[in-house]
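Take 249 as the starting number for the sequence shown in the numbering used here and just add one per residue.
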Amino acid sequence: MSVLSERVVALLAEFVDGLDDAPAARVELPEGLATALGRPPPEQPTELPALLDTVRQAAQVAVETAGPRFFGYIPGGGLFASALAELLAQTLNRYTGLSEIAAGLVALEDGVLRWLCRLFGLPPGAGGLLTTGGSMATLSMLVAARQDRLGDGAGCGATVGTIYISDQTNHCVRKAARIAGFPATQLRALSTTAELRIDVEAAEATIAADRAAGMRPFLLVATAGTTSAGVIDPLADLAALARRHGMWYHVDACYGGFFQLTERGRARLAGIEQADSISLDPHKSLFLPYGTGALLVRKVSALVAAHTDDADYLHDLHGGALPDFAHLGAELTRGNRGLRLWLPLHLHGVHAFRAALDEKLDLAHWAHTELSADGRLEVPYPCELSTVLFRLRRGDDSDGDNGTFLRRINATGRVFLSSTRLRGRLTLRLCVLSHRTHAGHVHEAVSVIRQVAESIT
Ligand SMILES: *Cc1c(COP(=O)(O)O)cnc(C)c1O
């Protein structure tokens with residue numbers, strides 16, 4: 249074990265040491281390599297060094313999402329402490345679906361969840377589940393909300409339960425609704441204001457009209473940090489609206505949630521404590537590697553009601569004070585995800601996360617100010633969290649020119665950015681959210697953007 253893991257760690261140390269100088273993206277998969285990677289497993293064993301070499305080559309063909317110059321999409325980085333936790337979890341291989349089988353590690357995971365519930369001001373009786381990501385958290389939330397507000401067998405078809413999102417909501421909500429059996433006609437995309445926030449008055453009018461027409465509005469989804477623009481919906485006003493209509497109120501905080509650890513973030517997320525449920529992505533704003541999401545539910549009994557079931561082969565197990573995670577979500581056998589959060593949080597301390605998130609707020613704010621001051625650029629939206637949106641000021645073929653702008657920026661190999669469509673217009677986005685991204689990297693990104701803008705205009 250020691251020899252094998254030393255080899256793996258040596259590869260990883262070299263990888264992490266090289267991140268600062270690595271190209272921002274290498275996306276072409278050479279044909280020969282693709283063939284080699286797709287080979288079936290052999291009958292006879294292979295030595296580990298040869299296999300690690302294959303892994304190294306395979307990993308190289310990628311957008312460098314672990315590196316400090318990844319500004320393209322929201323998740324990135326990946327704390328090494330979390331990888332160590334994963335090694336522990338997978339070697340210990342405790343079954344954490346039912347608490348009696350591994351009470352110790354279930355207690356540890358439960359401790360992380362209770363800390364999260366307190367962080368967001370949820371009352372006693374709240375609880376939750378660690379998932380593989382925000383999409384799975386959203387699916388469990390949606391079926392819990394349906395069960396809680398519409399009851400058994402309702403919601404699809406006859407009783408016409410309706411779900412309210414906005415034109416900026418992450419598409420995982422639509423996907424979850426479809427998987428749960430809701431036709432598209434039972435989803436309402438509420439309009440947003442000029443600042444891309446849900447228009448509360450318009451929402452009230454839509455919901456009232458639907459009720460008058462015999463539908464049953466049961467779920468309102470607000471976002472604390474939209475994926476496209478990092479915008480926060482009016483969380484407290486929407487909580488009041490949901491309450492007036494007896495609707496389940498979900499706050500999608502997959503991107504913005506952990507900014508709650510900072511003073512500025514907590515002020516901007518005010519109202520989130522009134523949610524019936526909150527989805528979070530530790531693999532975004534807590535810098536963890538891909539594969540960790542969380543769902544918090546104000547009344548955890550609603551989550552249990554939607555997911556629990558009996559089975560003859562489980563009759564030996566009676567449960568106790570600790571949660572049985574298998575009864576809170578879709579999975580019976582699940583990875584032990586608690587350690588992935590627990591180890592980095594305890595090893596580094598919460599202050600380190602707060603400081604890193606504050607740094608990202610500062611860096612994004614700085615980039616927003618710098619780009620706003622550049623006469624060649626239009627910076628159409630404020631920067632509430634860590635996403636900065638911008639585009640070239642252009643006339644007729646604005647989208648075409650901005651597409652070229654993005655391609656040329658990424659072609660430098662120094663940074664990786666992406667674009668989105670806002671109000672139908674192609675807009676570039678710079679998202680600062682890796683624990684490895686510091687001032688020098690953001691300065692370089694802004695300087696690359698300026699140089700490319702200069703070469704086009
Ligand atoms: C990323 C994201 C999601 C989806 O989460 P995954 O972890 O990618 O499944 C949902 N909502 C928002 C606002 C997001 O940014």
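From the three backbone atoms N, C-alpha and C, an ideal C-beta is built for every residue, glycine too.
- At a cut-off of 3 residues, the continuous stretches assigned as beta strand (DSSP E) that sit fully inside the region 455-509 are 464-471, 496-501.
- Shortest Cα-Cα distance from residue 274 to any of 633, 705, 659 involves 659.
- Residue burial is scored here from C-beta neighbours: residue 427 has fewer than 16 other C-beta atoms within 10 angstroms and is therefore classed as exposed.
- A Cβ-Cβ separation of about 7 Å places residue 612 in contact with residue 635 under the 8 Å criterion.
- Scanning its chain for C-beta atoms nearer than 6 Å, with the 5 sequence neighbours on each side dropped, one finds around residue 324 the residues 313, 318, 682, in chain order.
- Placement of the Cβ of residue 529 at a distance of less than 7 Å from at least one heavy atom of ligand 1 is found.
- Ranked by how close their Cα comes to the Cα of residue 465, the residues 492, 439, 475, 443 have 492 in first place.
- Counting the other CB atoms within 10 Å of its CB gives residue 417 a total of 16 or more, which places it among the buried residues.
- The DSSP-derived three-state label of residue 414 is strand.
- Within the chosen limit of 7 Å, ligand 1 does not reach the beta carbon of residue 440 with any heavy atom.
- Take residue 647, set aside five residues on each side of it, and the residues of its chain with a beta-carbon closer than 6 Å to its own are 674, in chain order.
- Taking residue 632 as reference, the option from 460, 652, 609, 276 with the minimal CA-CA separation is 609.
- Residue 544 and residue 701 have their C-alpha atoms roughly 44 Å apart.
- When DSSP states are grouped into helix, strand and coil, residue 695 belongs to the helix group.
- Per DSSP, the unbroken alpha helix (DSSP H) holding residue 615 starts and ends at 598-620.
- Cβ neighbours of residue 565 within its own chain (closer than 6 Å, five residues either side excluded): 346, 348.
- Going by DSSP, residue 679 is part of the beta strand (DSSP E) stretching over 673-679.
- For residue 379, the enclosing beta strand (DSSP E) has its first and last residue at 375-379.
- With 16 or more other Cβ atoms from the protein chains shown falling within 10 Å of its own Cβ, residue 590 counts as buried.
- Counting only the Cα atoms, residue 561 lies some 45 Å from residue 602.
- With respect to the C-alpha of residue 469, the residue from 460, 435, 458, 462 having the closest C-alpha is 435.
- Take residue 616, set aside five residues on each side of it, and the residues of its chain with a beta-carbon closer than 7 Å to its own are 627, 631, 636, in chain order.
- Considering only 705, 386, 458, the residue with the shortest C-alpha distance to residue 641 is 705.
- If you look at residue 264, you'll find it in the alpha helix (DSSP H) that goes 250-266.
- Just measuring C-alpha positions, the residue of 296, 268, 264 sitting nearest residue 250 is 296.
- Residue 639 is positioned such that its CB atom lies no closer than 8 Å to that of residue 619.
- Within the DSSP bridge table, the entry for residue 438 names 414 as partners.
- With respect to residue 520, residue 368 sits close: the two C-beta atoms are nearer than 8 Å.
- Boundaries for residue 324: no beta strand (DSSP E) harbours it, and the DSSP string shows neither H nor E there.
- Excluding its 5 nearest sequence neighbours in each direction, residue 528 has C-beta neighbours in its own chain below 6 Å: 501, 505, 542, listed in chain order.
- Counting along the chain, no alpha helix (DSSP H) covers residue 428, and no H or E run does either.
- Residue 522 is positioned such that its CB atom lies no closer than 8 Å to that of residue 514.
- Residue pairing by DSSP places residue 387 opposite no residue, since no beta bridge is assigned to it.
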